[in-house]
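Colleague:
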Amino acid sequence: MKIATFNINGIKARIQALGDWLDESQPDVALLQEIKSVDENFPRELFEDRGYNVETHGQKSFNGVAILSKLPLEDVVRGLPGDDEDEQARWIEATVVGDNTAVRLCGLYLPNGNPCPGPKYDYKLAWMTRMKARAAELLQDEIPLVMAGDYNIIPQDEDAARPEAWQEDALARPESREAYRKILHLGFTEAFRARVNGPEHYSFWDYQAGAWQRNDGIRIDHLLLSPQAADLLEDVQIDAAIRGREKPSDHVPVWIDLAA
DNA sequence: ATGCCAAGAAAGTCTTGA
Numbered sequence: 025m026k027i028a029t030f031n032i033n034g035i036k037a038r039i040q041a042l043g044d045w046l047d048e049s050q051p052d053v054a055l056l057q058e059i060k061s062v063d064e065n066f067p068r069e070l071f072e073d074r075g076y077n078v079e080t081h082g083q084k085s086f087n088g089v090a091i092l093s094k095l096p097l098e099d100v101v102r103g104l105p106g107d108d109e110d111e112q113a114r115w116i117e118a119t120v121v122g123d124n125t126a127v128r129l130c131g132l133y134l135p136n137g138n139p140c141p142g143p144k145y146d147y148k149l150a151w152m153t154r155m156k157a158r159a160a161e162l163l164q165d166e167i168p169l170v171m172a173g174d175y176n177i178i179p180q181d182e183d184a185a186r187p188e189a190w191q192e193d194a195l196a197r198p199e200s201r202e203a204y205r206k207i208l209h210l211g212f213t214e215a216f217r218a219r220v221n222g223p224e225h226y227s228f229w230d231y232q233a234g235a236w237q238r239n240d241g242i243r244i245d246h247l248l249l250s251p252q253a254a255d256l257l258e259d260v261q262i263d264a265a266i267r268g269r270e271k272p273s274d275h276v277p278v279w280i281d282l283a284a
């Protein structure tokens with residue numbers, strides 16, 4: 025079961041690039057972030073025509089997450105549980121049933137948190153505390169669980185081309201990394217680092233200052249696997265070349281293959 | 001790089017991103 029995460033930075037602006045990538049990459053599941061669309065305006069027929077089931081959790085202008093899946097999507101949850109006041113669309117869950125096992129999927133768009141310090145950074149850290157509680161709850165089911173998306177976290181210095189430029193940034197601050205590790209330490213395996221060591225592996229390049237051409241990137245899109253999911257991991261890749269195409273997102277897809 | 005590019009909402013030029 026091929027499961028991808030992709031921050032598309034606006035569905036309207038990414039119809040061509042996203043469609044081309046889906047046709048080539050043929051993921052069974054694609055967890056999308058920053059659809060920047062309300063549910064009613066999401067062009068679901070573009071994906072249904074390709075054989076995908078579509079579930080969205082959108083909002084006007086900003087944020088918004090979606091799941092595309094060739095397998096039926098069951099037990100959909102929209103919004104990160106734990107705060108009824110939170111109106112930002114950053115979390116969606118669903119279950120798919122593969123040939124060998126069911127898999128619980130969480131698609132997430134973790135808050136950026138800049139500028140920090142400040143209220144946006146407080147929101148980021150509070151959101152991560154809430155995510156940890158939800159993750160702990162889901163782990164109790166002891167079925168394969170995949171939490172994938174734009175974490176807006178640079179886990180370690182080797183995950184940035186210029187780590188010194190990010191030292192004071194909400195993506196790399198010690199408090200951010202600590203909150204990320206607290207989630208990991210519930211028992212998750214970060215798929216990419218389970219398979220690939222070393223620097224120069226990125227999932228985001230800024231549109232400005234020729235960041236892509238200079239490979240001035242950061243790795244902030246991650247797939248976290250529960251123990252039951254980690255045991256099924258067969259492959260993990262970053263589709264970096266997508267970033268060099270016409271009208272790209274500033275993020276690229278990251279995907280895993282699970283023996284599910 | 002405390003905003004070089006991009007997207008969205010809107011019809012000016014903001015806000016947001018990371």
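Counted the way the numbering used here counts, the first sequence spans residues 25 to 284.
Here a beta-carbon is modelled for each residue, glycine too, at the ideal position from N, C-alpha and C.
1. Out of curiosity, what's the CA-to-CA distance linking residue 275 and residue 74?
2. Quick one, which of 90, 202, 206 has its alpha-carbon nearest residue 76's?
3. Considering Cα atoms alone, identify which of 177, 150, 235 is closest to residue 268.
4. Compare the C-alpha of residue 196 against each of 209, 208, 175 and name the closest.
5. Can you tell me the Cα-Cα spacing of residue 35 and residue 254, whole angstroms?
6. How about residue 273 and residue 32: do their beta carbons lie closer than 7 Å?
7. Can the beta-carbon of residue 242 be found less than 7 Å from the beta-carbon of residue 178?
8. How big is the Cα-Cα spacing for residue 112 and residue 257?
9. In chain order, what are the residue ranges of uninterrupted alpha helix (DSSP H) at least 4 long that sit wholly in the segment 33 to 100?
10. On a CA-only basis, which of 84, 81, 93 is nearest residue 71? Give me that one, please.
11. Should the segment 144 to 157 be regarded as contacting the segment 192 to 206, the criterion being three or more beta carbon pairs within less than 8 Å?
12. Measure the CB-CB distance between residue 129 and residue 250 and report whether it falls below 7 Å.
13. Could you name each continuous beta strand (DSSP E) segment of 3 residues or more that falls completely within the segment 205 to 264, going from the start of the chain to the end?
14. Do residue 8 and residue 277 have their C-beta atoms within less than 7 Å of each other?
15. Which one of 239, 79, 102, 60 has the shortest CA to CA distance from residue 85?
16. Using only the heavy atoms of the ligand ZN, determine whether one of them is closer than 6 Å to the beta carbon of residue 77.
17. Do residue 100 and residue 79 have their C-beta atoms closer together than 7 Å?
18. Drop a sphere of 10 angstroms on the beta-carbon of residue 87, count the other beta-carbons inside from all chains shown, and report buried for 16 or more, exposed for fewer.
19. Given a cut-off of 7 Å, decide if residue 266 and residue 27 are closer than it, judged by their beta-carbon atoms.
20. Run through the DSSP bridge pairs and tell me what residue 127 is partnered with.
Modeller: By the coordinates alone:
1. Using only the alpha carbons, I get a separation of about 23 Å.
2. When each option's Cα is compared against that of residue 76, the closest is 90.
3. Distances from the alpha-carbon of residue 268 to those of 177, 150, 235 put 235 closest.
4. Shortest Cα-Cα distance from residue 196 to any of 209, 208, 175 involves 175.
5. Each residue's alpha carbon lies about 30 Å from the other.
6. It is a contact, given that the beta carbons lie within the stated cut-off.
7. Yes, these two residues count as a Cβ contact at 7 Å.
8. Roughly 31 Å separates the two Cα atoms.
9. Complete alpha helix (DSSP H) runs here, min 4: 39 to 49, 68 to 72.
10. Measuring C-alpha to C-alpha distances from residue 71 to each of 84, 81, 93 identifies 93 as the nearest.
11. Yes, since at least three Cβ pairs between the segment 144 to 157 and the segment 192 to 206 fall closer than 8 Å, the two stretches touch.
12. In this structure, the beta-carbon distance from residue 129 to residue 250 does not fall below 7 Å.
13. Listed in chain order, the beta strand (DSSP E) runs fully inside the segment 205 to 264 are 245 to 249, 257 to 262, counting runs of at least 3 residues.
14. The question about residue 8 has no answer, for the chain in this structure spans 25 to 284.
15. That would be 60, whose Cα lies nearest to the Cα of residue 85.
16. Judged by which ligands are present, the structure shown has none, so any question about the ligand ZN falls away.
17. In this structure, residue 79 lies closer than 7 Å to residue 100 by Cβ.
18. Buried, because 16 or more other Cβ atoms sit within 10 Å of the Cβ of residue 87.
19. No, the pair does not count as a contact, with Cβ atoms beyond the cut-off.
20. Answer by DSSP bridge pairing, in chain order: 120.
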